[in-house]
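These notes concern the structure reproduced below.
2 protein chains.
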Amino acid sequence: MLNFDFYNPTHILFGTDRLESIDKYVPADATVLITYGGGSAKKNGLIDKVKTVLGNRKVYEFGGIEPNPRYETLVKAVEIIRNENIDFLLAVGGGSVIDGTKFITLASFYDGDSRDLLKYGFMPITSDVVKKTVPFGTVLTLPATGSEMNSGAVISYEHGKYPVMSELAFPKFSILDPTVTFTLPKIQVANGVIDTFVHVTEQYLTYPVDARIQDRIAEGILQTLIEIGETTIAESDNYDARANLVWCATLALNGVVGAGVPQDWATHMIGHELTALFGIDHGQTLAIVTPALLEVRSEQKRAKLLQYAQRVWHIESGSEEKKIDLAIQKTREFFESLGVKTHLSQYGIGADKIPVIVEQLKAHGMTALSETGDLTLDISRNILERAM
Amino acid sequence: MLNFDFYNPTHILFGTDRLESIDKYVPADATVLITYGGGSAKKNGLIDKVKTVLGNRKVYEFGGIEPNPRYETLVKAVEIIRNENIDFLLAVGGGSVIDGTKFITLASFYDGDSRDLLKYGFMPITSDVVKKTVPFGTVLTLPATGSEMNSGAVISYEHGKYPVMSELAFPKFSILDPTVTFTLPKIQVANGVIDTFVHVTEQYLTYPVDARIQDRIAEGILQTLIEIGETTIAESDNYDARANLVWCATLALNGVVGAGVPQDWATHMIGHELTALFGIDHGQTLAIVTPALLEVRSEQKRAKLLQYAQRVWHIESGSEEKKIDLAIQKTREFFESLGVKTHLSQYGIGADKIPVIVEQLKAHGMTALSETGDLTLDISRNILERAM
């Protein structure tokens, strides 16, 4: 097992009828800015319910945070915070709204050009850099990114997606009410299942370090997703299936799975370029890249792929190569069973675009990816060719 | 899945050579009281190492916190805190030292007779009751209780053991260095494996609520303990085995396993009386009570016992009764394989003592135990008879 630090102070309030908790966790005298996305939370009445719970507190709203939240949008919320003396933020939405709100809180009292905050990558932004933030809570509407219980965000600016990490960006609380997610379009639920699945595989399909309980938590999430994936898409109001998805999505990226193990975020990094260049949904990019990457990297990931084949897919017979191939095939079939296509060509992207994608990876410094730092641009090209 | 709240703000600093972190997490101008137990941490040089890291900070020591820490001992530390203006506590020890330190911090600025704090049971003590506490960190020397990453304690007073729960009692940080535990006597490691195992079964062997990932985390910890239990006792300095035990012990009782599922603490409650009356080690009491309780409660726990038989012990054939019997038998054999006896009579306790034990349960209000609240004194008597 590798050395690790684990810290996660977010209060989780999970289950039905939890909106009332907002009243307990938001200071009674706070001036609140509610942040949200494209308007579905507004239309379906969730924002109004939240405002009712907030009661006499002074409340402002900031809607329009887009999927893959953009710097240019978020800085407008910073102005409101400064002008109206906002002292609590409440993000009502999915990962994009929550990620965006994390950036807003970090930028609110940053002295200088807040685009600076996009330059830190995976290096955490500390209180030496950002001296003051606005506390925030979340009401999660989409189980997928895990942003509701971690301190990371991904922010889009011009043609890039930029990771932003900071212990100052943990939500104070997150309300996880599975019923709130019942109205989601099926494709968003499918993307959420895949995002959760790949968050886990990126922390699990690496190389073994004898981290037995971390492996079993990872395998437990994967098995649960395989069991409930199709059901929670087909039966939107099946509480138990959705509750299992919501909690798996949160656990997948709250630090527990990745504690003390190597991590490989290459799939996400390559996927980010596909979203930035072609607007493909994040979950879909992961469904495209994952099987191809596992095929190309099957030697480096051999031991863990065999464990994955056995424990997650219960593949017991055949040569080691056959077991690994079958496990990757089953992974692809699982994504497709959720209604998500797994080939670039199915999204209208031809092989002629591969050099453009590789160029973007190069431009963003993604030249030494993976758990071993040896996934070069040539290997990324190979992965993209496999993903056609 | 049941509704739940999850909150755990303790920083975990896991791995080799982590003592240096103390310097980062203890304020530079703090006056520190180091709390410890019977002296092994003093003798083996750990306290000195900790003091070296604390550098120029003013440091006091309070040793002698006994296993099953006693109120009468702990109040003496409260006097030191008040007299010397201590503003940080550092618990160096196992669950008893950490539990004791939690009580010390809660009692330090409590207005009134601090025995009041023993009366809350499983009802959390809030900041309305305890208005100020002394922050504390821990250096864990014994993987067992999980106290290093939760907000609970068990305190002994006169002839009883009293649970104390408070969000004010989370450690600020806990240093989990598996090598620090290499010098432990084998029996203490065995007790720690069993304590961890039973923390999990008390949150897992209840009734099903379709909490799939919680079940799999529970099963993952149990399987890991079964795999590494004998090894980590036999090979004291096997880092990987011990690291897996340490992290399992922490995860078993940090709230993750019990989130959203029913919990049955009857084994612990009955075990506490055996410790209080006869001085049997906590881990040993659990090894005595667990198999007997599972036998007596096999109807109530039927569905989860079958799942346990299949997923943890890989029992695939035979009638349901046979599978359950075999799973309980294997549990008993596992405890015995660690060198821990599982029958009361093996500890010199005869059947004539059963009425005394039942009387103590009655005196402490333990008349409606278990996840369903229907484990009466008669059933406890039956369990104790089975445990002879």
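These protein sequence lines map, in sequence, to chains A and B. Residues in the first sequence are numbered from 895 upward in steps of one, following my numbering. Residues in the second sequence are numbered from 895 upward in steps of one, following my numbering. Just so you know, even glycine gets a beta-carbon here, dropped at the ideal spot from N, CA and C. Keep in mind it's a predicted model, so treat the numbers as computed, not measured.
Comparing alpha carbon positions, the residue from A/THR1027, A/GLY994, A/ALA1047, A/PRO1018 closest to A/ASP1005 is A/THR1027.
One finds nothing in chain B with a Cβ atom closer than 7 Å to the Cβ of A/LEU1271; even the nearest lies about 33 Å away. Listed by position along chain A, the residues whose Cβ is nearer than 8 Å to that of B/HIS905 are ASP899, PHE900, TYR901.
In the three-state reduction of the DSSP assignment, B/LYS952 falls in the strand class, which pools E and B. At least 9 Å separates the CB of B/ILE974 from every CB of chain A.
Remark: C-beta atoms of B/VAL1058 and B/TYR1014 approach each other more closely than 9 Å. Within the same chain, and ignoring the five residues on either side of B/HIS1176 in sequence, the residues whose Cβ sits closer than 6 Å to its Cβ are THR1169.
Cβ contact annotation for A/LYS1055 (same chain, cutoff 6 Å, sequence separation greater than five): VAL1048, HIS1166, ALA1170, in chain order.
With 16 or more other CB atoms across the displayed protein chains lying within 10 angstroms of its CB, B/SER990 is buried. Spanning the alpha carbons of A/GLY1152 and A/SER1213 requires a straight line of approximately 30 Å.
The stretch 1029-1037 of chain A makes contact with the stretch 1061-1069 of chain A: 3 or more CB pairs, one atom from each, lie closer than 8 Å. In the structure shown, A/ASN902 adopts extended strand secondary structure according to DSSP, grouped into three states. With fewer than 16 other beta carbons inside 10 angstroms of its own, B/VAL1250 counts as exposed. Excluding five sequence positions before and after B/PHE1229, the CB atoms of its chain that fall closer than 7 Å to its own CB belong to ILE1088, ALA1181, THR1236, given in chain order. By a beta-carbon distance limit of 8 Å, A/GLU1227 does not contact A/ASP1158. Their separation comes to about 22 Å. Contact between the stretch 965-973 of chain A and the stretch 937-953 of chain A is not established, with fewer than three Cβ pairs separated by less than 8 Å. For the C-beta of A/LEU913, not a single chain B residue is nearer than 9 Å; the gap to the nearest is close to 12 Å. Interface criterion not met: the Cβ of B/TRP1207 is under 9 Å from no Cβ in chain A. Around the beta carbon of B/MET1017, fewer than 16 other beta carbons sit within 10 angstroms, so the residue counts as exposed.
For the stretch 908-936 of chain B, the residues whose beta carbon sits under 9 Å from a beta carbon of chain A are, in order, PHE908, GLY909, THR910, ASP911, ARG912, SER915.
Interface flag for B/GLY1031 against chain A is unset, since no Cβ pair is found closer than 9 Å.
Here B/SER915 has LEU907, PHE1067, ILE1069 as same chain residues with Cβ atoms under 8 Å from its own Cβ, once five neighbours each way along the sequence are excluded.
Within the stretch 1110-1124 of chain B, the residues whose Cβ lies closer than 8 Å to some Cβ of chain A are ARG1110, ILE1111, GLU1113, GLY1114, ILE1115, GLN1117, THR1118, GLU1121, ILE1122, listed in chain order.
Taken in chain order, the complete alpha helix (DSSP H) segments of 4 residues or longer contained in the stretch 952-1027 of chain B are 965-978, 989-1002.
For B/GLY1244, not one C-beta of chain A is nearer than 9 Å to its own C-beta. Sixteen is the threshold: since fewer than 16 other Cβ atoms of the shown chains lie within 10 Å of the Cβ of B/LYS1256, the residue is exposed. Here A/GLU1215 is exposed. Its C-beta has fewer than 16 other C-beta atoms within 10 Å. Between A/THR999 and A/THR1035, the C-beta gap is not smaller than 9 Å, which leaves the two residues out of contact. With fewer than 16 other Cβ atoms inside 10 Å of its own Cβ, A/THR946 counts as exposed.
Secondary structure of A/THR925 (DSSP, three-state): strand.
The beta carbon of A/ILE1088 sits no closer than 9 Å to any beta carbon of chain B. Taking 9 Å as the CB threshold, A/GLN1204 stays off the interface with chain B.
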